[in-house]
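Take a look at the structure below.
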Amino acid sequence: MKSKKWSQYTRVKYPVSSSSLHPFNFFVPIVERVQEGVVSIVTEDAPHSKDVDSLIRSLIDHEDNSPPMERSFGSGFLFHPKGYILTSEHVIGKSKNIFVKLYNGRVFEAKRIIADRVRDYAVIKIDADCKLYPLPLGNSSHTKVGEWVISVGSPSVFKETKNEPGSGPNTAQIE
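All residue numbers for the sequence shown refer to this note's numbering, where the first residue is 8 and numbers rise by one.
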C-alpha cells in the first residue's frame, strides 16, 4: 500500500450538511427562540478567607496590595420587561457586586431583590437602557413526571466583553 502525505487528506473537500437539519436536533429552534432572554451572571467580592496565613500570603503576592477578587459565574433569565431576572441563590450568594451580561453583549450592574437559600432561587434587577426580552414563566402544575425538560444557560460568561464609553451609569467593563 502506497502511503500518502497528511496534506493530501486536508485538501479533500468533504460534503458538509447542516447539523440543524438532523431530526434529533429539535431543541435548536427552541433554544434560538429563548436565547435573548438568557443572561450571564458574574459576582465579584473580596476573598472570605478564614485562614489568616493564606490571606497575608495573597496580600504579599498581589502587586497593588489589594486582595484579589473572588468571582462566581452563573446564568439566569429575564422574566419581566423592567429587568427582573430569576437565577439560583447559590449563583449570587451574599455578593454585593453582581454583574449581568445580556445576549447583545451589554453588561449591567444588578441589585438583589430577594433570595431564598433553602429553595435556591434569587431575583435580581438591572436598570437597562435597551430592549429586554423576558421569557414567560410556566405553570408546573401542568407538567407530568417523565416530560422532557430543557435547561438553557449561558456558558460564555463575560468573555472579551467591552462596552462603549459613556454607555450608562449602570454598565460595567469586565475582561
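We put the CB at the ideal spot given by N, CA and C, even for glycine.
Distance between residue j and residue i (C-alpha atoms, nearest Å)
i, j, result
"N32", "A53", "43 Å"
"E213", "V98", "Here the chain comprises residues numbered 8 to 182, so residue 213 is not present and cannot be evaluated."
"V156", "T150", "10 Å"
"V49", "N104", "8 Å"
"E171", "G44", "Note that E171 scores a pLDDT of 42, beneath 50, so its modelled location is shaky; the value from the coordinates is reported in the next line. For E171 and G44, the distance between alpha carbons rounds to 22 Å."
"V107", "S147", "27 Å"
"D123", "E96", "6 Å"
"E39", "L142", "12 Å"
"P88", "F115", "15 Å"
"H29", "V152", "27 Å"
"G145", "E51", "31 Å"
"A117", "R126", "21 Å"
"F34", "G90", "26 Å"
"S112", "C137", "Note that residue 112 is Gly in the sequence shown here, rather than Ser. Roughly 11 Å separates the two Cα atoms."
"Q42", "I133", "18 Å"
"L109", "I37", "18 Å"
"E154", "S102", "35 Å"
DSSP state of residue i mapped onto helix, strand, coil
i, result
"I99", "helix"
"G44", "helix"
"E77", "strand"
"E51", "strand"
"I37", "helix"
"H149", "helix"
"I157", "coil"
"N111", "coil"
"F84", "strand"
CB contact flag (residue i, residue j, <8 Å)
i, j, result
"A129", "R119", "yes"
"Y140", "L85", "yes"
"G100", "S79", "yes"
"S47", "S161", "yes"
Bridge-paired residues (DSSP) for residue i
i, result
"R119", "I131"
"K138", "K138 is not bridged to any residue."
"N104", "E51"
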